[in-house]
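Q: Supplied in structure tokens, the structure appears directly below.
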Amino acid sequence: MHFRLRIPEALKNRIEAAALASRRSMTAEIIARLEQSVEIDDLHEKPGEQAVLLAPLLQAVDEQLRQRFEPYISSLNKALEVALDPSVTNEQRAEMRAGLAEANSKTPQRSRKSTKAGAAAASKGGRP
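Be aware that the sequence shown starts at 1, since it is given in the numbering used here, and climbs by one per residue.
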């Protein structure tokens, strides 16, 4: 099918540049962009389908986060139990704090500098 369309010169130039970058003809670039736009519209009209597509990904991320942070959560729960236990003496609490401080000193810590660099890179869309 042949279809005639008038577009602003600046838009034509952008489409030409995109077509060149993706190694497609202008027609192929326009068709690809229109198809992508229609697919996005379809997803917005059918949020249930989008949720079904994303569910496995979200479950995988959830599982990875649980595995990564479970030891920390468990340690915090134990620390809370001890902190709230009236039978634990202040001396015992001091010993536990010393043990935690020692364990913490052996855990690799990210420096403030690397944390700031990572945050700056993330805000620009990059990786630390």
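Where is the CB? At the ideal position from N, CA and C, for every residue including glycine.
Where does Met26 fall in DSSP's three states?
A: Three-state result, Met26: helix.
Q: Which residue marks the beginning of the alpha helix (DSSP H) containing Met96, and which one marks its end?
A: Where Met96 is concerned, the enclosing alpha helix (DSSP H) stretches over 90-106.
Q: Taking the straight line between their C-alpha atoms, what separation do you get for Gln64 and Leu54?
A: The straight-line gap from Cα to Cα measures roughly 16 Å.
Q: Is DSSP giving Asp41 helix, strand or coil here?
A: The answer is helix: DSSP assigns Asp41 an H, G or I state.
Q: Determine the contact status of Ile15 and Glu29, defining contact as a CB-CB distance below 8 Å.
A: Taking 8 Å as the Cβ cut-off, Ile15 and Glu29 qualify as a contacting pair.
Q: Taking the straight line between their C-alpha atoms, what separation do you get for Asp85 and Ala79?
A: Near 10 Å, if we compare the C-alpha coordinates of Ala79 and Asp85.
Q: Given that a residue counts as buried once 16 or more other Cβ atoms are within 10 Å of its Cβ, and exposed if not, what is Pro128?
A: Residue placement at Pro128 is flagged as unreliable, the pLDDT there being 47, under the threshold of 50; the coordinate-derived value follows with that caveat. Exposed, because fewer than 16 other Cβ atoms sit within 10 Å of the Cβ of Pro128.
Q: Mapping the DSSP letters down to three states, classify Phe3 as helix, strand or coil.
A: Correct three-state label for Phe3: coil.
Q: Among Lys106, Ile31, Arg23, which has the Cα closest to the Cα of Met1?
A: Of the listed residues, the one whose Cα sits closest to Met1 is Ile31.
Q: Within the same chain, show all residues whose beta-carbon is closer than 8 Å to that of Arg112, passing over the 5 residues directly before and after it, in chain order.
A: For Arg112, the pLDDT reaches just 48, beneath the cut-off of 50, and the residue's location in the model is therefore unreliable, although a value from the coordinates is still provided. Contacts found: none.
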